[in-house]
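Counting in the working numbering, the final residue of the sequence shown is number 416, and the numbers go up one at a time with none missing. Just so you know, even glycine gets a beta-carbon here, dropped at the ideal spot from N, CA and C. Because the structure is a prediction, the values reported are computed rather than measured. Here is the structure we will look at.
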Amino acid sequence: MLYNIFYPLSEHFIIFNVFKYITFRTIYALITSFIIAVILGPKIIKRLKKMQISQKVKGYEPERHKEKEGTPTMGGILIIISSTVSTLLWADLRNSYIWIVLYGYIFTALIGLYDDYIKTVKKNPEGLSARRKFISQVIVAITTALLIIWVDRANIATKLFFPFFKNWIFDLSYFYILFAVFIIVGTSNAVNLTDGLDGLAIMPSVISFGTFILFAYLAGHIKFANYLHIPYVSGSGELSIFCGSMVGAGLGFLWFNAFPASVFMGDVGSLSIGSALGTISIIVKQEIVLAIVGGVFVLETLSVILQVGFFKATNGKRLFRMAPIHHHFELKGWSEPKIIVRFWILSFLLALLALSTLKLR
Ligand code: 57M
């Protein structure tokens with residue numbers, strides 16, 4: 056919005072020219088959302104406590120989680136508010152991709168919000184049924200994919216590009232919709248599965264959005280995109296501002312979610328963060344890069360798939376002490392901060408690996 060208001064004034068006042076730069080607006084979007092999150096945080100946490108929107112810790116958790124009983128949840132609202140306000144302030148509001156990402160992000164947040172509401176206010180620990188939740192997520196993902204195809208000017212939306220192999224390009228045609236649903240819904244649920252220890256989901260999310268600041272910027276810049284042999288997606292640079300807002304909001308949330316957490320994000324946070332990450336990777340044509348930078352989410356999801364598969368194949372034997380894998384390490388006796396920080400380190404290294412794909416093409 057500030058771009059739309061102030062940039063036209065640059066004809067008369069050169070200082071407003073600065074609003075033209077995505078880099079400038081991304082940095083300020085990040086700072087703005089961080090400040091909003093840190094200021095609103097205590098108020099929202101107080102409100103959640105007052106409304107008794109708190110976590111019920113189910114019986115089968117590792118014992119240590121008993122102490123977490125009563126911690127307010129649905130803190131994801133803080134992330135949604137601060138990142139959305141900051142994006143609306145700093146992005147070019149004529150950009151279609153910004154609206155598409157916000158659409159998927161907010162609607163998935165509403166699905167999570169409803170789930171959290173059933174669990175905490177209606178006191179039904181099962182929440183929204185898995186089937187209903189999945190169908191709602193799929194509807195949002197399909198409409199998102201259709202919107203992406205609709206605004207695609209270069210006719211590349213349905214194509215799959217590979218890092219490392221610049222000539223590997225596959226047109227998925229109608230299967231693209233299925234693929235997009237897999238990425239968006241898969242990432243959404245993967246972040247949700249990861250969200251089981253303080254700060255465990257938010258920091259890898261921050262790192263992933265941080266990485267996508269760069270990928271969105273480069274994909275939207277014709278010279279850089281051609282030089283680096285990555286697909287050029289006109290207008291995608293503006294998504295750097297959304298990603299910057301997510302980094303700021305995520306760090307602001309971490310302020311309160313850091314061990315020992317004063318608030319959890321709830322499904323309203325985890326599902327929407329994952330959905331936005333998946334959508335961005337699809338728009339900038341870097342879905343495989345998402346699997347690398349979001350390797351912690353992939354690892355957590357794989358651990359569940361392997362655990363369930365192994366359990367069924369062996370009639371009741373377990374591969375890990377408990378899945379998702381962070382519980383395995385807890386049961387092995389690692390302290391919670393140690394697991395969290397080690398997963399952050401892994402996530403940071405994976406981001407470097409993802410960035411290296413820019414040069415290895
Ligand atoms: C939600 N929710 C956390 C909090 C957070 C198929 C199966 C693997 C599904 C999986 C599952 O239900 N996962 C999704 C995980 C819960 O956190 C709440 O949920 C929100 C995210 N949706 O924001 O509101 C608990 O996690 C802890 N927590 C923190 N800090 C945080 O910042 O400590 C969360 C955020 C909180 C808190 O204790 O109460 C969760 O873990 O329940 N199911 C599982 O993950 C279960 N695994 C399992 O059953 N494994 C089996 C099979 C099926 C693979 C096995 O290994 O044999 C675990 N869930 C629970 N206990 N509750 C097992 C242990």
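Checklist entry - Taking the alpha carbon of Ala271 as the point to measure from, which residue in Trp399, Pro218, Leu294 has its own alpha carbon closest? => result Reading the sequence shown from its first residue, position 216 is the one you call residue 271. Measuring from the Cα of Ala271, the nearest candidate turns out to be Leu294.
Checklist entry - Can you find a heavy atom of the ligand 57M that lies under 8 Å from the Cβ of Thr242? => result For the purposes of this step, residue 242 is taken as residue 187 along the sequence shown, with counting starting at 1. With a threshold of 8 Å, the Cβ atom of Thr242 does not count as near the ligand 57M, since no heavy atom of the ligand is closer than that.
Checklist entry - Under the rule that 16 or more other beta-carbon atoms within 10 Å means buried, what is His67, buried or exposed? => result In the sequence shown, the residue the question calls residue 67 occupies position 12. Result: exposed.
Item to check | Whole-number beta carbon distance between Val246 and Gly350, since they are thought to touch under 8 Å | outcome: For the purposes of this step, residue 350 is taken as the residue at position 295 of the sequence shown. For the purposes of this step, residue 246 is taken as the residue at position 191 of the sequence shown. Gly350 to Val246, Cβ: 13 Å. No contact.
Checklist entry - Going by beta carbon distance, what residues of the same chain come within less than 7 Å of Gly321, once the five residues before and after it are set aside? => result Position 266 of the sequence shown holds residue 321. For Gly321, where only same-chain residues beyond five positions count, the Cβ hits under 7 Å are Thr128, Met129, Gly130, Gly131, Gly167, Asp171.
Checklist entry - Three or more beta-carbon pairs under 8 Å between the region 275-283 and the region 353-366, yes or no? => result no
Next on the checklist: At a threshold of 8 Å, does Arg187 count as lining the ligand 57M (C-beta to nearest heavy atom)?
Outcome noted: Translated into positions along the sequence shown, residue 187 becomes position 132. No, Cβ of Arg187 sits at least 8 Å from all heavy atoms of the ligand 57M.
Next on the checklist: So, for Val93: in the same chain, excluding its five sequence neighbours on each side, which residues have a beta-carbon less than 8 Å away from its beta-carbon?
Outcome noted: What you label residue 93 is simply residue 38 of the sequence shown in a count that begins at 1. The residues are Gly307, Trp310.
Checklist entry - Based on the DSSP secondary-structure assignment, which residues constitute the bridge partners of Asp226? => result Residue mapping note: residue 226 aligns to position 171 of the sequence shown, counting from 1. Residue pairing for Asp226: DSSP places it in a beta bridge opposite Lys214.
Checklist entry - Going by C-alpha distance, which of Trp205, Phe216, Phe384 is nearest Thr285? => result For the purposes of this step, residue 285 is taken as the residue at position 230 of the sequence shown. According to the sequence displayed, residue 285 carries Ile and not Thr. Answer by Cα proximity: Phe216.
Checklist entry - What's the call for Phe267, buried or exposed, on a 16-neighbour Cβ count within 10 Å? => result Looking up residue 267 in the sequence shown gives position 212. Looking at its Cβ environment, which holds 16 or more other Cβ atoms inside 10 Å, Phe267 is buried.
Checklist entry - Using the rule of at least 16 other Cβ atoms within 10 Å of the residue's Cβ for burial, across every protein chain shown, is Tyr160 buried or exposed? => result The sequence position of residue 160 within the sequence shown is 105, counting from 1. The residue is buried, with at least 16 neighbouring Cβ atoms inside 10 Å.
Next on the checklist: Let me check you understand the geometry: is the CB of Glu118 closer than 8 Å to at least one non-hydrogen atom of the ligand NAP?
Outcome noted: Ligands displayed in this structure: the ligand 57M; the ligand NAP is not among them.
Checklist entry - Since Ala256 is in the alpha helix (DSSP H), which residue starts that stretch and which ends it? => result As a position in the sequence shown, residue 256 is number 201, starting the count at 1. Counting along the chain, Ala256 sits inside no alpha helix (DSSP H), nor does DSSP assign it H or E at all.
Checklist entry - Which residues in the same chain as Phe61 place their Cβ atom closer than 7 Å to its Cβ, once the five residues preceding and following it in sequence are excluded? => result Start at 1 with the first residue of the sequence shown, and residue 61 comes out as number 6. Phe71, Phe74.
Item to check | Asn59 versus Asp147: straight-line alpha-carbon distance, rounded | outcome: By one-based count along the sequence shown, residue 59 stands at place 4. By one-based count along the sequence shown, residue 147 stands at place 92. In a straight line, the C-alpha of Asn59 is about 6 Å away from that of Asp147.
Checklist entry - Identify the residues that DSSP records as bridge partners of Ser109: which are they? => result Here residue 109 refers to the residue found at position 54 of the sequence shown. DSSP output for Ser109 lists Pro127 as bridge partner(s).
Next on the checklist: Threshold first: 4 residues or longer. Then list the alpha helix (DSSP H) segments lying entirely within the region 338-374, N to C.
Outcome noted: 342-348, 350-368
Checklist entry - Which of the three DSSP states, helix, strand or coil, is assigned to Phe71? => result Counting from 1 along the sequence shown, the entry for residue 71 is found at position 16. Three-state DSSP puts Phe71 in a helix.
Checklist entry - Do Gly305 and Ile134 come within 9 Å of each other at the CB atom, strictly closer than that value? => result The residue labelled residue 134 in the question sits at position 79 within the sequence shown. The residue labelled residue 305 in the question sits at position 250 within the sequence shown. Yes, Cβ-Cβ distance for Ile134 and Gly305 is below 9 Å.
Checklist entry - Thinking C-alpha only, which one of Glu385, Leu415, Thr199, Ile91 is nearest Tyr282? => result Residue mapping note: residue 282 aligns to position 227 of the sequence shown, counting from 1. Measuring from the Cα of Tyr282, the nearest candidate turns out to be Leu415.
Checklist entry - Run through DSSP, which three-state label would Phe237 get? => result Walking along the sequence shown from the start, residue 237 turns up at place 182. Three-state result, Phe237: helix.
Checklist entry - Assuming Ala209 and Ser289 make a contact with CB atoms under 8 Å, what is their CB distance in whole Å? => result Within the sequence shown, the letter at position 154 stands for residue 209. Within the sequence shown, the letter at position 234 stands for residue 289. Ala209 to Ser289, Cβ: 7 Å. Contact.
Next on the checklist: Please state the DSSP three-state secondary structure of Ala313.
Outcome noted: Reading the sequence shown from its first residue, position 258 is the one you call residue 313. Here Ala313 sits in coil by DSSP.
Item to check | Coarse secondary structure for Pro392, derived from DSSP in three states | outcome: Your numbering for residue 392 matches position 337 in the sequence shown. Pro392: helix per DSSP, three-state reduction.
Checklist entry - Start and end of the alpha helix (DSSP H) containing Leu165? => result Here residue 165 is taken as the residue at index 110 of the sequence shown, counted from 1. Start and end: 151-175.
Item to check | Start-to-end residues for the alpha helix (DSSP H) that takes in Leu40 | outcome: It is not possible to answer for residue 40, since the shown part of the chain is limited to 56 through 416.
Checklist entry - Thinking just about the alpha-carbon of each residue, which of Val302, Ser138, Ala409, Trp389 is nearest to the one in Leu341? => result Taking the first residue of the sequence shown as position 1, residue 341 is located at position 286. It is worth fixing the name first, because residue 341 is Gln in this sequence and not Leu. For the residues Val302, Ser138, Ala409, Trp389, the minimum Cα distance to Gln341 belongs to Ala409.
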